[in-house]
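Mapping of the sequence shown onto the numbering used here: position 291 corresponds to residue 325, and the numbering continues sequentially without gaps.
Worksheet: the structure to be examined is printed underneath.
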Amino acid sequence: MRIAIVLVFVMAIACTTKQQSVTETRSHNLQTEVVASLEIPTSVEVAATVAAKTVSEVAARTMGELLSVHVREGDKVNAGQILAELDARDLTAMVKRAEAGLEQAKQAALEAERGYEDAEAQQRATRAAFKLAEATYQRYRQLAERRSVSKQEFDEVEAKYNAVAAELERAEAGSAAARSRIERTRAALEQAKAEMQLALVQKSYSKVVAPQDGFITFKALDVGSLVTPGTILFRISSARLTVEAALEESRFQAIKLRDKVKVYVDALDKVYEAVVTEIVPAADARTRTFLVKADLPADPLLKPGMYARLRLDHYGKHSVIAVPRSAIVLRGQLAMVAVVRSDGTVTFRLVKLGRKLENEKFEVLSGLNEGDRIVVQPPQILREGDKVSR
Numbered sequence: 035m036r037i038a039i040v041l042v043f044v045m046a047i048a049c050t051t052k053q054q055s056v057t058e059t060r061s062h063n064l065q066t067e068v069v070a071s072l073e074i075p076t077s078v079e080v081a082a083t084v085a086a087k088t089v090s091e092v093a094a095r096t097m098g099e100l101l102s103v104h105v106r107e108g109d110k111v112n113a114g115q116i117l118a119e120l121d122a123r124d125l126t127a128m129v130k131r132a133e134a135g136l137e138q139a140k141q142a143a144l145e146a147e148r149g150y151e152d153a154e155a156q157q158r159a160t161r162a163a164f165k166l167a168e169a170t171y172q173r174y175r176q177l178a179e180r181r182s183v184s185k186q187e188f189d190e191v192e193a194k195y196n197a198v199a200a201e202l203e204r205a206e207a208g209s210a211a212a213r214s215r216i217e218r219t220r221a222a223l224e225q226a227k228a229e230m231q232l233a234l235v236q237k238s239y240s241k242v243v244a245p246q247d248g249f250i251t252f253k254a255l256d257v258g259s260l261v262t263p264g265t266i267l268f269r270i271s272s273a274r275l276t277v278e279a280a281l282e283e284s285r286f287q288a289i290k291l292r293d294k295v296k297v298y299v300d301a302l303d304k305v306y307e308a309v310v311t312e313i314v315p316a317a318d319a320r321t322r323t324f325l326v327k328a329d330l331p332a333d334p335l336l337k338p339g340m341y342a343r344l345r346l347d348h349y350g351k352h353s354v355i356a357v358p359r360s361a362i363v364l365r366g367q368l369a370m371v372a373v374v375r376s377d378g379t380v381t382f383r384l385v386k387l388g389r390k391l392e393n394e395k396f397e398v399l400s401g402l403n404e405g406d407r408i409v410v411q412p413p414q415i416l417r418e419g420d421k422v423s424r
């Protein structure tokens, strides 16, 4: 019985050894490449935040009860779109009162115009009569000097002349008064128009509108709330995004307006090229940092508040070892690269990865040396000790 068990055990070992021998001699025709150093700009990365290019806080401009709210957080809105409406009964009454005042001012101005026209007509008629009376008076005065008319006739002509002169003076005073009344009524009409415009503007405040295109990122109150002037109701963030970073004093001089910088957004696993549009020239007194803003390209996946990394490539160049992303094998938290030894067999070597570089490559901080041959795209069936034909 013991002999039989030993024979079975020996046969099992032989089979296992044979299988291992077959596995060890497995060969693959795979693409390989020699690890070489890569010249890249010496860069510095700083923490950054994705933010809206512009943020508008929409506040109430009049007092009233909030009757309706037409948007929710996350909604896209256009400039001029009605966001909410307030109770406008008081404002409507104000408009009607202003309309009545305006109509009254119009009537008063119309009556003043008519009165002025009548006064001007009366003045013209009186002036004509005065000219006739004056000419008659001058003629009779000359005749009286030659004693060609009696004193009574001359006195009658002189009295008529003085009466017409007085009437002309009254007509001129009436015309001046009518002109003054027109000026007053016109001023009152302009004031009534201004009050009407003010009432209409005040009434328009009962409709809360969006000042710009963007997205609702904050809604403060619901229907039924009483708001007062200055109460923040909404916050609108523009669709255009920027990235904001705080640079230390030692790095501030390394960046200029309109520079192109790389922005890494880890949550999306994407790299964007942004253009520096704003550099605040004064440092924050507490952190001793300078605020830098760079415009991001349009991408619906980008959202305000996302964490980003801003890379500055203005510090010379240095050599790094880099491998294609396809050459990296991830096993749990470990990163490995399939290295081809001098005898053509494969060994999986642990590596420590650094930054993601351009052209889908990753920096290798340790684990590889320049001149090592690696498998560019190792398949899942590749095992330790397999042979790779070059």
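Each residue gets a CB set at the ideal place from its N, CA and C atoms; glycine is no exception.
Beta-bridge partners of residue 318 (DSSP): none assigned. In this structure, residue 272 sits near residue 87, with a CB-CB distance shorter than 9 Å. For a cut-off of 8 Å, the C-beta gap from residue 363 to residue 372 is around 7 Å, short enough to register as a contact. Taking a contact as a CB-CB distance under 8 Å, the pair residue 285 and residue 310 does not count as one, their CB atoms being some 13 Å apart. Where residue 276 is concerned, the enclosing beta strand (DSSP E) starts and stops at 275-282. In this structure the stretch 154-173 does not touch the stretch 231-239; the number of beta carbon pairs closer than 8 Å is below three.
Restricting attention to 184, 352, 416 and 287, the CA atom closest to the CA of residue 397 is found in 352. Residue 312 carries a strand assignment under DSSP once its states are collapsed to helix, strand and coil.
With contacts defined as CB atoms closer than 9 Å, residue 227 and residue 129 fail to qualify as a contacting pair. Residue 147 has no beta-bridge partner at all, per DSSP.
Within its own chain, the residues whose Cβ lies closer than 7 Å to the Cβ of residue 202, once the five positions on either side in sequence are excluded, are 160, 161 and 164, listed in chain order. In this structure the stretch 108-127 lies against the stretch 239-248, because at least three pairs of beta carbons, one per stretch, are closer than 8 Å.
For residue 367, the closest C-alpha among the options 376, 389, 358 and 384 is that of 384. Here residue 152 has no same chain residue with a Cβ atom under 7 Å from its own Cβ, once five neighbours each way along the sequence are excluded.
Around the Cβ of residue 341, a 10 Å sphere holds fewer than 16 other Cβ atoms; the residue is exposed. By the Cβ neighbour-count rule, residue 415 is exposed, with fewer than 16 other Cβ atoms within 10 Å of its own. Going by DSSP, residue 365 is part of the beta strand (DSSP E) stretching over 362-365.
In the assembly as shown, residue 266 is an exposed residue. Its beta-carbon has fewer than 16 other beta-carbons within 10 Å. The residue among 136, 325, 339 and 262 with its C-alpha nearest the C-alpha of residue 221 is 136.
Annotated as proximal: residue 347 and residue 296, with beta-carbon spacing under 9 Å. About 16 Å separates the beta carbons of residue 85 and residue 334, which is beyond the 8 Å limit, so they are not a contact pair. Residue environment: residue 98 is assigned as buried (16 or more neighbouring CB atoms within 10 Å of its CB, all protein chains considered).
Annotation for residue 108: no beta strand (DSSP E) segment contains it, and DSSP assigns it neither H nor E.
Membership of residue 227 in the alpha helix (DSSP H) is indicated by the continuous run 185-238.
With respect to the 9 Å criterion, residue 280 and residue 330 are not classified as neighbours on the basis of their beta carbons.
Membership of residue 354 in the beta strand (DSSP E) is indicated by the continuous run 351-358. Here residue 289 has 281, 295, 310, 313, 326, 346 and 348 as same chain residues with Cβ atoms under 8 Å from its own Cβ, once five neighbours each way along the sequence are excluded. For residue 92, the enclosing beta strand (DSSP E) covers residues 89-93. Under the three-state reduction of DSSP output, residue 304 falls in the strand class. The closest CA to that of residue 255, considering only 154, 82, 100 and 70, is found on 100. Taking residue 409 as the centre and dropping the five residues before and after it, the same chain places the C-beta of 64, 66 and 372 closer than 6 Å to its C-beta, in chain order. Bridge pairing for residue 381: 373 [DSSP]. Residue 333 sits in coil when the DSSP states are folded into three classes, being neither helix nor strand.
Membership of residue 271 in the beta strand (DSSP E) is indicated by the continuous run 266-271. Of the candidates 167, 283 and 298, the residue whose Cα lies closest to the Cα of residue 321 is 283. In the structure shown, the three-state DSSP call for residue 114 is coil.
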